[in-house]
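Okay, so here's the structure we're looking at.
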Amino acid sequence: MRRRAVILALLAVLTASAAAAGDMGPPPGGPGGQGMAGHDPFRGIVRMADELNLSKEQKRSVALILKESREKAQALRESMKTAWRAMGDVMAASPGDEAKVRQAAQGLAKAGEELAVFTGKVKARVDAVLTPEQKAKLAEKRKEFQERRERGRKSLDEWIDENAKS
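Read in order, the letters of the sequence shown correspond to residues -21 to -1, 1 to 145 in mature numbering (1 follows the signal peptide of the UniProt record, and there is no 0).
And the structure:
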């Protein structure tokens, strides 16, 4: 938990630095922006459909779920972008104003919560379309992703430790 807080704080500092350099939206891998691989968060569902060899019927079911979810998902992503911009503006203009930073952080947290809940509901509907074998394969893919993410975090920690030496 402490490590996550440090990473989020680092992200906030990087966001504020970038905001000071010019107008910006959310960072490429940030919530409400583009996903970890530089694409829309729901793009992963399309890649999943290919990797899991979904049947034509399953693809249609997933497509209908996404179509029904598209408008609200877009609105929630826009809310996240707005919250990220607000945080960037506060960090660029008055990073020492604790009340403003807290207010912007709360707005970001609320937007993130709404997006996460909605994304979870969509994911649950998509998961219901999968066979047990496909769910197992998907679980393995998630594990691989988490391992890659952890290696990236470790690499960042090592870089910080190496470059923070006096």
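Here a beta-carbon is modelled for each residue, glycine too, at the ideal position from N, C-alpha and C. On a predicted model such as this, the values are computed, not experimentally measured, just so you know.
Nearest-angstrom beta carbon gap, residue j and residue i [assumed within contact, 8 angstroms]
i: residue 87; j: residue 66; result: 5 angstroms
i: residue 52; j: residue 38; result: 19 angstroms between Cβ atoms; not a contact.
Residue environment, residue i, which counts as buried when at least 16 other CB atoms sit within 10 Å
i: residue 130; result: exposed
i: residue -1; result: Here residue -1 scores only 34 on pLDDT, less than 50, and its place in the model should not be relied on; the value that follows carries that caveat. It counts as exposed.
i: residue 44; result: buried
i: residue 113; result: buried
i: residue 33; result: buried
i: residue 135; result: exposed
i: residue 143; result: exposed
i: residue 2; result: Note on residue 2: pLDDT 39, under 50, position unreliable in the model; no value is reported.
i: residue 90; result: buried
From the options, residue whose alpha carbon lies closest to that of residue i
i: residue 83; options: 69, 75, 112; result: 69
i: residue 103; options: 56, 48, 76, 73; result: 48
i: residue 46; options: 76, 75, 74, 101; result: 101
i: residue 26; options: 133, 99, 120, 125; result: 120
Residues near residue i in its chain [Cβ-Cβ closer than 8 angstroms; skip 5 each side]
i: residue 31; result: 109, 113, 116, 117
i: residue 76; result: 69
Proximal residues to residue i (C-beta, below 7 angstroms), its chain only, five neighbours per side dropped
i: residue 105; result: 24, 41, 44
i: residue 55; result: 93, 94, 97
Own chain, CB closer than 6 angstroms to residue i, minus 5 neighbours either side, in chain order
i: residue 111; result: none
i: residue 123; result: none
> For the segment 35 to 81, which segments carrying the alpha helix (DSSP H) assignment without a break, of at least 4 residues, lie completely within its bounds, in sequence order?
Replying inline: With a minimum length of 4 residues, the continuous alpha helix (DSSP H) runs that stay inside the segment 35 to 81 are 35 to 72.
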